[in-house]
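**Q** Quick note: to get this note's numbering, add 7 to the position in the sequence shown (first position is 1).
I'd like to ask you about the structure that follows.
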Amino acid sequence: MNILLVYPLYPDSFWSFKHALKFISKKAAVPPLGLITVSAMLPSAWNKKLVDLNISELEAKDILWADYVFISAMHIQKQSVSHIILECVKLGTKIVAGGPLFTQEHHNYPQIDHFVLNEAEITLPLFLADLADGHPAKVYKTDQFADLSHTPRPDYHLLEMKKYFFMNIQVSRGCPFSCDFCEITSLLGHKVRMKKPHQIIHDLEELYRLGWRGPVSIVDDNFIGNKKEIKYQLLPQMRQWMQQHNYPFVFNIQSSINVADDHELMSLMVETGITSTFIGIETPDETSLHTCNKLQNKGRNLLQSITTIQKTGLTVSGGFIVGFDSDTPSVFQRQIDFIQKSGIVSAMVGLLNAPRHTQLYKRLEAEKRLTKETSGNNTDLSMNFIPKMDYHQLLDGYKKIIAAIYATKPYYRRVRQLFLNYNHTYKQHQRINLSLIVAFLKSMYIIGIIDKGRIEFWKLLAWTLFNKPALLTEAITFAVYGYHFRTVYGLNPG
Ligand code: SF4
């Protein structure tokens, strides 16, 4: 059997990092971890080939080679999915689809032959058994959640590693919290299911064996969902492995804000090589936090928690939302002030949306306020429901936030704020290579000479050299991110 695994194209968005990747001559930020995990669950005798449209083209000869084309997608990849389906239908190759997009709306894709939905550990073996019998069904789904201790190591060898900025691994699925707009818990449940530490060490071994050195993203939606296991089982073993291998990787995670309450855990993370975390802050407004059931953020000094995390040695990036029912026009300036004070350099601000199957979706459906499905793109200004605040007022306020935090001056001021808060302790053993030198020269030319905000850039470098010389690489990296954000938001005419 010949299987072609196809990963659809991402549009240009906050998370694509497209405009930053060109500095380091990479094609995509992260590889398709779901697809290469599914690949590892297929019979080993089958031939498998991966085409990630974010790094290469889909060619007719590949589709014709395949007995089946496997697609995995998220909502943001919808447009590319339609194109792939058209090509496969035209060339007569059958399609098997899975992943979040199809799990939530497979009924919108009648041209697809088979759906392997929810978690592939459960549904894929059923499909494979029926296929072997010659009678595969149209839809395989389950309301059970998989035991991850049997999940195989992803087929990392299928990747063209050099074309990605990060490699990625998965440690757990599920989140104990119940934020009402979040689709993670409807897809993956509240019970946190973890891989065993030896599985994670095997993943790291494989990445190391394949020659990867550098950033590794831990994709879990909340890495500390099962804090006890992470703290007492996984991290001590990862730390030891990292030490034995001379610190080849640097990790980033996503976590809930309560990570700030456990200093020992944060220190262990830093010693393991975790240097940054993404946290859903959402809003400084207590009423909105209550309405959306973000209880872990309520009743705490959020700014203080963020500073505590930064002081321990983790940079924080954050998600922010406007469009809650209780938001008043004052929320826009409050968000700006909060973000500026926090030193959260990468602040993902989005308009509230209600993904299917979430508590928010159900409430808005009952209130007859839903207008369409979500686009999955936090930067395309779309909302899929009628907000309480006038939509145009909301949009103006949203644009005001973006302009206020991503214009060069306030952006670089925020980088300085981070550097003042941040206690930089983890030192990855980074080798200077040609691509780093090229990236440095490109950033000096594009951001330091051509870009309209070049004066602010040089001011940041001078300030960093004088006050925090150990953070010079970080200063240049954040300048490159800033260039990407300004370009995505149309603030970068230069
Ligand atoms: S903490 Fe994050 S992953 Fe968990 S329910 Fe809330 S938004 Fe979703």
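Where is the CB? At the ideal position from N, CA and C, for every residue including glycine.
Cα separation between A482 and C189?
**A** For the purposes of this step, residue 482 is taken as residue 475 along the sequence shown, with counting starting at 1. For the purposes of this step, residue 189 is taken as residue 182 along the sequence shown, with counting starting at 1. Near 33 angstroms, if we compare the C-alpha coordinates of C189 and A482.
**Q** Let's see if you can read the secondary structure: which residues bound the beta strand (DSSP E) around V257?
**A** Taking the first residue of the sequence shown as position 1, residue 257 is located at position 250. Per DSSP, V257 belongs to the beta strand (DSSP E) from 256-261.
**Q** What are the uninterrupted segments assigned as beta strand (DSSP E) that are 3 or more residues long and contained completely in the segment 99-140, given in chain order?
**A** Listed in chain order, the complete beta strand (DSSP E) runs (minimum 3 residues) inside the segment 99-140 are 101-105, 121-123.
**Q** Which residues does DSSP pair with T322 in a beta bridge?
**A** Reading the sequence shown from its first residue, position 315 is the one you call residue 322. The partner list for T322 (beta bridge, DSSP) reads S283.
**Q** Could you give the residue range of the alpha helix (DSSP H) that holds D403?
**A** On the sequence shown, position 396 is the one that residue 403 refers to. Segment 398-413, the alpha helix (DSSP H) holding D403.
**Q** Whose C-beta lies closer than 8 angstroms to the C-beta of D150 among residues of the same chain, with five residues either side of it excluded?
**A** Working through the sequence shown from its first residue, we reach residue 150 at position 143. Once the five neighbours on either side are set aside, the close Cβ partners of D150 are N125.
**Q** Helix, strand or coil for A67? Go by DSSP, reduced to three states.
**A** Here residue 67 is taken as the residue at index 60 of the sequence shown, counted from 1. Helix, per DSSP.
**Q** Could you name the residues, in chain order, whose CB is less than 7 angstroms away from a heavy atom belonging to the ligand SF4?
**A** My final list is C182, F184, S185, C186, C189, I191, T192, D228, N229, S263, G287, K301, Q303.
**Q** Under the rule that 16 or more other beta-carbon atoms within 10 Å means buried, what is I456, buried or exposed?
**A** Translated into the one-based positions of the sequence shown, residue 456 becomes position 449. I456 should be labelled exposed.
**Q** Among the residues of its own chain, which have a CB less than 7 angstroms from the CB of S312, if the five just before and after it don't count?
**A** Looking up residue 312 in the sequence shown gives position 305. So the qualifying residues of the chain are I264, A267.
**Q** By the three-class DSSP mapping on this structure, what secondary structure does L12 have?
**A** By 1-based counting over the sequence shown, the position of residue 12 is 5. Reduced to three states, the DSSP call for L12 is strand.
**Q** Got a sec, what are the start and stop residues for the alpha helix (DSSP H) Y488 sits in?
**A** The residue given as residue 488 occupies position 481 in the sequence shown. Run containing Y488: 479-495, per the alpha helix (DSSP H) assignment.
**Q** Where do the N-terminal and C-terminal ends of the beta strand (DSSP E) with L359 fall, by residue?
**A** Stepping through the sequence shown from its first residue, residue 359 is reached at position 352. It is not in any beta strand (DSSP E) - L359 carries neither H nor E in the DSSP assignment.
**Q** Provide the residue span of the beta strand (DSSP E) that contains F339, from first to last.
**A** By one-based count along the sequence shown, residue 339 stands at place 332. Premise fails: F339 lies in the alpha helix (DSSP H), 338-349, not in any beta strand (DSSP E).
**Q** In this structure, what does DSSP give as the bridge partners for E289?
**A** Counting from 1 along the sequence shown, the entry for residue 289 is found at position 282. DSSP lists F327 as partners of E289.
**Q** Where C299 and C186 are concerned, what is the direct C-alpha to C-alpha distance, given to the nearest angstrom?
**A** Locating residue 299 in the sequence shown gives position 292, counting from the first residue. Locating residue 186 in the sequence shown gives position 179, counting from the first residue. The straight-line gap from Cα to Cα measures roughly 6 angstroms.
**Q** In the DSSP assignment, what are the bridge partners of S224?
**A** As a working mapping, residue 224 is identified with position 217 in the sequence shown. According to DSSP, which records beta bridges pairwise, S224 is partnered with N175, N259.
**Q** With distances taken from CA atoms, which of Y452, L11, A67, Q261 is nearest Q177?
**A** Indexing the sequence shown from 1 puts residue 177 at position 170. For Q177, the nearest C-alpha among the options comes from Q261.
**Q** Under a three-way DSSP split, which group does G501 fall into?
**A** Taking the sequence shown and counting its residues from 1, the one referred to as residue 501 is at position 494. Here the model assigns G501 a pLDDT of 47, short of 50, so the residue's position is not dependable, and the following value carries that caveat. G501 falls in the coil class under three-state DSSP.
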